[in-house]
Structure formats: C-alpha cells, structure tokens
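Reading through the structure tokens given below for one structure.
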Amino acid sequence: MTVRPVLSIGHPMLRVVADDVPTDAISSDAVQQLIDDLIDTMRDANGAGLAATQIGERVRIAVMEVGDNPRYPYKPRIALTVAINPVITPLDDEMVEVNEGCLSVPLRGNVERFVNVRVHYLDRDGVEHDEIKRGLTAGTWQHECDHLDGVLFIDRVTDRSTLATWDEFNEFQRDAFVERIAAFVDRVGS
Ligand code: NI
C-alpha cells in the first residue's frame, strides 16, 4: 500500500491539462501502480475521488469511490471506479447547486453542476465504458474530470459567500445543505 502526498492549491501541477494515457500503456506496471497509489491515497484521505494530477502525475486518470464516507455522509454510494481518459457530455441543461470540498483545497463552497451526464472512459483493464451518471454522482465525475483539465472547484464558485472552512461549514451551513441535498437525492436517486 502506498499513500502518496496530495498536492494543495497553489501547486502548479494542479493547473496543468493532463495527457491522455495511450491505450497500449494501460496494462504497464507504471500505470497499474499509479492506479493502486490513487486508490490507496483516496481511501487514506477519505476522499470521494482523486485525480492523478493531485499526486503530481500528468495523466488523465481519476478514481472514485463512496462508501460510508465521513467527509460526505449524504453522498450516494459509488462503487470503486477507475476512469482513464474520461470524457463527460452533459445530457441536458438541468443544474444543481452542490456544496463541494476537495483534498487539494482546505475550503468548501457551492458550485453548479450538471445533473445528467454521459461518461465515456476506459477502466484499468482497458475496457470501454459508456454510462449515464446522475445527481451527486454526476457532480463527483465533473469534479474529478475538472482536475484533469487543471480546474479546481473554487474556480466555479459563483457565490463566494458560501466559501467556508470545514469547521465553519459544519457549524453554519451543513444542516441546511444536507436537508436540501437529501431532498434532491431522494428525487434524482443518486
Ligand atoms: Ni478535488
């Protein structure tokens, strides 16, 4: 098990546009080891996802997993997913305002995310996937894919008065957000 340091906002690697992984490199030891490191690091930090750029690797790989997550207890589960060269396409213009955090940013804040998206990606075996994601799960995909383009969630915060540390979020914003988003999750189902 290898837990790697997660880079923080201000590190230039968080602002690069990462490179596609050549299909014939997916099975290489280097890429498979990087995927294992991403999973170990995400789990160690209780993240819902982690992108390769966040551990200093300039390649288009992100991992996601949500179980009983203490950082995001309201998030529906996501089975462990490895997304290589992911491409997201919104299915319509429905948006939801979600409060997000990030292992690379010591703040939370509200961002608008598409509710319904199509994701196309390769898994760690090189198998192609073409799937529909909705709700908070779609938001998690958008957050992780943004990382691969050098975009952080705070770039998308339109109401900067929502920016908060985790302690202040828990004290002043959490209850109202969880009530609102629980109703949304009930309606959308993910
Ligand atoms: Ni993040």
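Residues in the sequence shown are numbered consecutively from 1, following our numbering. Using N, Cα and C, we set each Cβ at its ideal position, and we do this for glycine too.
- The residues Asp37 and Asp40, in chain order, have a CB closer than 6 Å to that of Thr2 in the same chain once the five nearest residues on each side in sequence are set aside.
- In its chain, beyond the 5 residues on either side, Asn46, Gly47, Ala48 and Gly101 have a beta carbon closer than 8 Å to the beta carbon of Arg71.
- For Thr89, the pairing in a beta bridge is given by DSSP as Arg118.
- Taking 8 Å as the upper bound for CB-CB distance, Glu57 and Leu34 are in contact here, some 6 Å apart.
- Distance from the Cα of Ser104 is smallest, within the candidate group Asp68, Ile78, Thr165 and Asn85, for Thr165.
- A residue is called buried once 16 or more other Cβ atoms fall within 10 Å of its Cβ, and Asp146 is buried on that count.
- For Thr137, the three-state secondary structure derived from DSSP is helix.
- The closest heavy atom of the ligand NI lies less than 7 Å from the beta carbon of His143.
- A buried status is given to Leu148, since no fewer than 16 other beta-carbon atoms sit within 10 Å of its beta-carbon.
- Under the criterion of beta carbons closer than 8 Å, Ile61 and Arg4 do not qualify as touching, at roughly 13 Å.
- Listed in chain order, the non-local C-beta contacts of Val16 below 7 Å within the same chain comprise Thr53, Arg58 and Gly150, local neighbours out to five positions each way being set aside.
- Residue pairing of Val63 in beta bridges, as defined by DSSP: Leu50 and Val82.
- Counting along the chain, Met95 sits inside no alpha helix (DSSP H); it lies in the beta strand (DSSP E) bounded by residues Met95 to Cys102.
- One Cα belongs to Leu91, the other to Ile78, and the distance between them is close to 20 Å.
- In this structure, DSSP gives Leu163 a state outside helix and strand, which the three-state scheme calls coil.
- Distance from Leu107 to Leu163 at the Cβ level is roughly 5 Å; contact confirmed, criterion being Cβ atoms closer than 8 Å.
- Around Val82, the same chain offers Ile35, Val63, Asp123 and Arg124 as residues with beta carbons nearer than 6 Å, after the five sequence neighbours per side are excluded.
- Leu136 sits buried, since 16 or more C-beta atoms from the chains shown fall within 10 Å of its C-beta.
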